[in-house]
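In mature numbering (1 follows the signal peptide of the UniProt record, and there is no 0), the protein residues as written are -23 to -1, 1 to 259. Notes for the one structure printed next.
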């Protein structure tokens, strides 16, 4: 087995849709209200529908633009504020997301406060809220917090509760896989990631996690199976970058070399990274 540090690549905290939160009058710098006549209303609703569909598909750049366009017409349009807020959470822009809160107490508000480090005991706060609001995103965040403190059993129980309360297909299996990965059980992690991919074959995060675990298990051939040469080379190069972050220099060297072997065209940036690895005191 090739050495491979257990790292959660992405925490899917904002994976499902749900409610508003804090100052209605807040309008971010680049959004200004414009005059809207009756014929524009249908256009605004169409933008909103497109943005909501994009968010559900995790096309966050498209969703963000759509919600912002709708808010240009009406900065207080609650579905657009909610959608933009959740899009920003998913993109990791938590401080900006906080500007679009409409209620001081809501699932969104709790998630934002915890991610901004404003809650002294986040697990206790989440468990108290879950007594009255069994929201899948709150269960997912609780699982993430348990994983961070190496309480893997409770983490996986929290992810399972997220599944029971309506998390999107594959998310629970992916998060349980990440928990097994952190704990060092790559075989169980692979099994969970495979289940996640089966539940949602179009989610690239789930598929990338499956492929990265295969690399950790020393199965590079299966890790790139189904990818064309261009995508396989790019995937291995990115996996090499992650190996560097994780301190796995020998693995990174192997992955960069494999990337250059598979790529149909020369990648000077990968060759440069590989050359640097041969230098002393990396």
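Glycine included, every Cβ here is placed at the ideal spot set by N, Cα and C.
What would DSSP say about residue 116, mapped onto helix, strand or coil? Against the chain shown, residue 116 aligns to sequence position 139. The answer is helix: DSSP assigns residue 116 an H, G or I state.
Alpha carbons only, please: which of 144, 77, 97 and 78 is nearest the one belonging to residue 176? Working through the chain shown from its first residue, we reach residue 176 at position 199. Cα-wise, what sits closest to residue 176 is 144.
Less than 8 Å separating the beta-carbons of residue 107 and residue 71? Translated into the one-based positions of the chain shown, residue 107 becomes position 130. Translated into the one-based positions of the chain shown, residue 71 becomes position 94. Not a contact, by the Cβ cut-off of 8 Å.
Which class does residue 186 belong to by DSSP, given the choice of helix, strand or coil? By 1-based counting over the chain shown, the position of residue 186 is 209. Helix, per DSSP.
Since residue 121 and residue 139 should fall inside the 8 Å C-beta cutoff, what is the C-beta to C-beta distance between them, to a whole number of angstroms? Reading the chain shown from its first residue, position 144 is the one you call residue 121. Reading the chain shown from its first residue, position 162 is the one you call residue 139. Their Cβ separation, rounded to whole angstroms, is 10 Å, which puts residue 121 and residue 139 out of contact at 8 Å.
Taking the alpha helix (DSSP H) that residue 198 belongs to, which residues open and close that run? Along the chain shown, read from residue 1 onward, the residue named residue 198 stands at position 221. Counting along the chain, the alpha helix (DSSP H) containing residue 198 begins and ends at 197 to 200.
Reduced DSSP secondary structure (H/G/I, E/B, other) of residue 69: Reading the chain shown from its first residue, position 92 is the one you call residue 69. DSSP, read as helix, strand or coil, puts residue 69 in coil.
When you compare each of 67, 114 and 68 to residue 83 by their alpha carbons, which one comes out closest? As a first step, residue 83 is located in the chain shown; it is residue number 106 there, counting from the start. It is 114 whose Cα lies nearest to the Cα of residue 83.
Where does residue 127 sit, in a helix, a strand or coil, going by DSSP? What you label residue 127 is simply residue 150 of the chain shown in a count that begins at 1. In the structure shown, residue 127 sits in coil (DSSP, three-state: anything other than H, G, I, E or B).
C-alpha distance - residue 256 paired with residue 250, whole-angstrom precision: Within the chain shown, numbered from 1, the residue matching residue 256 stands at position 279. Within the chain shown, numbered from 1, the residue matching residue 250 stands at position 273. Taking the straight line from one Cα to the other gives about 10 Å.
Cut-off 6 Å between Cβ atoms - residues of its own chain near residue 21, not counting five sequence neighbours on either side: To locate residue 21, count along the chain shown from 1; it is residue 44. Around residue 21: 47 and 50.
Hey, how far is the Cα of residue 104 from the Cα of residue 150? Within the chain shown, residue 104 is the residue found at index 127, counting from 1. Within the chain shown, residue 150 is the residue found at index 173, counting from 1. About 22 Å.
Residues in the same chain with beta-carbon distance under 6 Å from residue 156, minus the five sequence neighbours each way, listed in chain order, please. Within the chain shown, the letter at position 179 stands for residue 156. Closer than 6 Å at the Cβ level, and outside the excluded window around residue 156, lie 124, 129, 132 and 133.
Checking 8 Å against the spacing of the C-beta atoms, do residue 216 and residue 242 come in under that value? Here residue 216 refers to the residue found at position 239 of the chain shown. Here residue 242 refers to the residue found at position 265 of the chain shown. No, Cβ-Cβ distance for residue 216 and residue 242 is not below 8 Å.
Could you check where the alpha helix (DSSP H) with residue 208 kicks off and where it finishes? Taking the chain shown and counting its residues from 1, the one referred to as residue 208 is at position 231. Looking at the DSSP string, the run of the alpha helix (DSSP H) that includes residue 208 is 206 to 222.
DSSP three-state assignment for residue 303, whether helix, strand or coil: There is no way to answer for residue 303, as the model of the chain reaches only from -23 to 259.
Three-state secondary structure assigned by DSSP to residue 164: Numbered from its first residue, the chain shown carries residue 164 at position 187. Three-state result, residue 164: helix.
Is it the case that the Cβ atoms of residue 236 and residue 227 are separated by a distance below 8 Å? Along the chain shown, one-based indexing puts residue 236 at 259. Along the chain shown, one-based indexing puts residue 227 at 250. Not a contact, by the Cβ cut-off of 8 Å.
Nearest-angstrom Cβ-Cβ length linking residue 173 and residue 203, presumed shorter than 8 Å: Here residue 173 refers to the residue found at position 196 when the chain shown is read from its first residue. Here residue 203 refers to the residue found at position 226 when the chain shown is read from its first residue. At roughly 16 Å, the Cβ-Cβ gap does not stay under 8 Å, so residue 173 and residue 203 are not in contact.
Would you kindly check if the distance between the Cβ of residue 230 and the Cβ of residue 254 is under 8 Å? Counted from its first residue, the chain shown places residue 254 at position 277. Counted from its first residue, the chain shown places residue 230 at position 253. Yes, the Cβ-Cβ distance between residue 254 and residue 230 is below 8 Å.
Considering only C-alpha positions, which residue in the set 180, 222 and 248 is nearest to residue 210? Sequence index remark: in the chain shown, residue 210 carries index 233 (1-based). The shortest C-alpha separation from residue 210 is found at 248.
Buried or exposed (CB count within 10 angstroms, at least 16 for buried), residue 184: On the chain shown, position 207 is the one that residue 184 refers to. The residue in question, residue 184, is buried, as its Cβ has 16 or more Cβ neighbours within 10 Å.
Alpha-carbon to alpha-carbon, residue 187 and residue 171: Here residue 171 corresponds to residue number 194 of the chain shown, with the count starting at 1. Here residue 187 corresponds to residue number 210 of the chain shown, with the count starting at 1. The straight-line gap from Cα to Cα measures roughly 6 Å.
Nearest to residue 182 (by Cα), restricted to the options 212, 87 and 196: As a position in the chain shown, residue 182 is number 205, starting the count at 1. Among 212, 87 and 196, the Cα nearest to that of residue 182 belongs to 212.
Please report the distance separating the alpha-carbon of residue 27 from that of residue 252. Position 50 of the chain shown, counting from 1, holds the residue named residue 27. Position 275 of the chain shown, counting from 1, holds the residue named residue 252. Our two residues, residue 27 and residue 252, have alpha carbons roughly 46 Å apart in a direct line.
Can you tell me whether residue 141 is buried or exposed, with buried defined as 16 or more other CB within 10 angstroms of its CB? As a first step, residue 141 must be located in the chain shown, where it is residue number 164. With a 10 Å radius around the Cβ and a threshold of 16 neighbouring Cβ atoms, residue 141 comes out exposed.
Measuring straight from C-alpha to C-alpha, what distance separates residue 246 and residue 58? Residue 246 sits at position 269 when you count from the first residue of the chain shown. Residue 58 sits at position 81 when you count from the first residue of the chain shown. If I take the Cα positions, the gap works out to 41 Å.
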